[in-house]
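Notes follow once the structure below has been shown.
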Amino acid sequence: MRESMEFDVVIVGAGPSGLASACRLMQLAQEAEKELSVCVVEKGAEVGAHILSGAIVEPRALDELFPNWKEDNAPLTCGVTQDQVMILRDEEKSISLPHFAIPKPMHNDGNYIVSLGNVCRWLARKAEAMGVEIFPGFSASEVLYHEDGTVKGIATGDMGVDKSGQPKAGFMMGMELHAKYTLFSEGVRGHLGKQIIEHFELNKACDPQHYGLGIKEQWEIPAEKHTPGLVVHGSGWPLGSEASGGFFLYHGDNNQVSVGLIVDLNYRNPYLNPYEEFQRLKHHPDIAAHLEGGKRLAYGARAISKGGLNSLPSMVFPGGMLIGCNAGTLNVAKIKGTHTAMKSGMLAAEAVFDACLSGQAMTEADFNDRFKASWLYDELYRSRNFGPALHKFGLWGGGSFNYLEQNVLGGNAPITLRDREYDHAKLQPAEKYEPIEYPKPDGVLSFDKNSSVFMSNTNHEEDQPCHLKLTDSDIAIKTNLSIFAEPAQRYCPAGVYEVVDGEQGKQLQINAQNCLHCKTCDIKDPSQNITWVSPEGGGGPSYQNM
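The opening position of the sequence shown corresponds to residue 41 in the working numbering, with each subsequent residue numbered one higher.
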């Protein structure tokens, strides 16, 4: 029998949306002089351990939540000083776009280059100072329901279970956390959020969610090459016509540079390897010029939700809400999701607090009225066509459409573009393509996957149930290998999936201990045969300054 604890609000995930929601709940309770119990469950070993983003933060939501954040030593210290956008034409040439030709949402005046993990650590300290209980190292593994079908809370996963599911020495049963309202802020493709969406049919009125895979490295470069506040965005090579996406390069504090590539997961060629495309990118002269003579400090990867307003499910369900990237609130036009995630959490907190105060069940309208009156909805509405335009019309055609809509029409074009095909369904049979030969890493600018995973500080207890579940173990070979050349070998940025020779022929080997929790396999598998579930609490990457 599991033990249980009771709270007014349980929040799953200590990311920007969850922590902003926790802080706003406590602010409202203090203003109303009411007692409120709020708990945040975080599967990472510490707050920030699983947080990965570029990241440039627009401080709009933070200004509202903590107006004195600068005086309170929030880790936003490197303001953007230069904004560049370039198109890489091939492996040597590029075009730099003039400032006036860049869609307005991509301008970064007044924004900050940050480590989002450090921002979350700061938010966690603020939340705890107001009385929020934060439990890191505990993964939410199950949604609990009342008899009437409303969400009752969550259960944390058991600790100390071996691969066969049997208790080991030191076994500790999970706990049930019950709440009046449960907020799911697990980030992109949260496994409980995915279940909630399906259970309550929250996405029946929206387009499919669309995703990108973001791969990032943190570098320390020579002081003479460092330009604090420099922001570079771009697209084109090495993806070219093979896939859509783009790269980023940010000069932050302490001679450090963040560099990364985002590959949209609607690509067609099963031989495409996002990790290898990123390694190629760093050899382009315009990128290498920033990194040469430097030292790679960290590596990581994470899926990004890119569907925007058109793909936003209903966020309210009986007993709780989806918030932040678990719902998909990222503003694609701005390539930013922190301020929108925080605002969604703050709006959710206001709706939930009023429900707790009144004793009346929260309705969808209680949140939607706030949402549609907010700048968050306005932002997402104005950027609703940005991603679909690039998907439909390509880099140049979509870029021209977006310039016209954003700079001339202010995001208010009289049409709404749709993208109703799932990303995984875009993958084509391998027979239509030739395998891609990627250059070997030089160990200076480009590196192999094993050394990269090592730099993510990823660790899982090996003797535990595999958290990457196959619906049908035969599909990987009979379908995915025979038709698609088993793309999991390539789309996974951590080398989790390998096709090996076994006693009875080819078989899929899953190296779950390497998993970065990026969720790409759950998204891109063409047969939708892989389900990512939460492993034992505390496992996974341990990102520092990412």
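Where is the CB? At the ideal position from N, CA and C, for every residue including glycine.
- Per DSSP, Ser491 is one residue of the alpha helix (DSSP H) stretching across 489-495.
- Looking at the backbone, the Cα of Ile570 and that of His464 are separated by about 12 Å.
- Ranking Gly171, Gln235, Val154, Asp130 by CA distance to the CA of Ala180 puts Gln235 first.
- If you look at Met66, you'll find it in the alpha helix (DSSP H) that goes 56-72.
- In the same chain as Asp503, and ignoring 5 residues on each side of it, the C-beta atoms closer than 8 Å to its own belong to Asp202, Lys203, Lys208, in chain order.
- Out of Pro469, Gly579, Gly483, Gly437, the CA that lies nearest to the CA of Cys506 is found in Gly579.
- Under the DSSP definition of a beta bridge, Pro176 partners with Glu82.
- Taking Tyr315 as the centre and dropping the five residues before and after it, the same chain places the C-beta of Ile255, Lys489, Pro533 closer than 7 Å to its C-beta, in chain order.
- According to the DSSP assignment, His291 belongs to the beta strand (DSSP E) that extends over 285-291.
- For Met402, there is no enclosing alpha helix (DSSP H), as DSSP gives it neither H nor E.
- For Gly119 and Glu104, the gap between their C-alpha atoms comes out near 19 Å.
- Nearest Cα to Ile261 within the set Asn243, Val299, Val80, Leu242: Val299.
- The alpha carbon of Glu474 has as its nearest neighbour, out of Phe441, Tyr311, Asn366, the alpha carbon of Tyr311.
- Proximity of the segment 59-78 to the segment 312-332 falls short of the contact definition, fewer than three beta-carbon pairs being nearer than 8 Å.
- Gly427 carries a helical assignment under DSSP once its states are collapsed to helix, strand and coil.
- Contiguous alpha helix (DSSP H) elements confined to the segment 79-138 occur at 100-105, taking only those with 4 or more residues.
- Per DSSP, the continuous beta strand (DSSP E) segment holding Gln547 begins and ends at 545-550.
- The Cβ atoms of Lys220 and Cys396 sit closer than 8 Å to each other.
- In the structure shown, the three-state DSSP call for Met386 is helix.
- With 16 or more other Cβ atoms inside 10 Å of its own Cβ, Met126 counts as buried.
- Here the C-alpha atom of Ser275 lies approximately 35 Å from the C-alpha atom of Ala388.
- The three-state secondary structure of His273, taken from DSSP, is strand.
- Distance check between Glu332 and each of His266, Asn425, Arg424, Asp418 places His266 closest, using alpha-carbon atoms only.
- Arg424 is not a Cβ neighbour of Gly450, given a cutoff of 8 Å.
- Distance from the Cα of Thr456 is smallest, within the candidate group Gly347, Val272, Asn520, Leu370, for Gly347.
- Between the segment 476-493 and the segment 515-525, the count of Cβ pairs shorter than 8 Å is below three; the stretches do not touch.
- Ala245 carries a coil assignment under DSSP once its states are collapsed to helix, strand and coil.
- In the structure shown, Asp463 falls within a helical segment according to DSSP collapsed to helix, strand and coil.
- Beta-bridge pairing by DSSP links Tyr339 to Glu257.
- Just so you know, the alpha carbons of Glu131 and Ile476 end up roughly 16 Å apart.
- 8 Å or more divides the Cβ of Ser574 from the Cβ of Gly53.
- The Cβ-Cβ distance between Ser57 and Ala381 falls below 8 Å.
- In this structure, DSSP gives Glu538 an extended state, which the three-state scheme calls strand.
- The beta carbon of Arg460 sits closer than 7 Å to the beta carbons of Asp247, Pro248 from its chain, once the five residues preceding and following it are set aside; these are given in chain order.
- In the structure shown, Thr571 falls within a strand segment according to DSSP collapsed to helix, strand and coil.
- Within the DSSP bridge table, the entry for Thr222 names Val50, Gly360 as partners.
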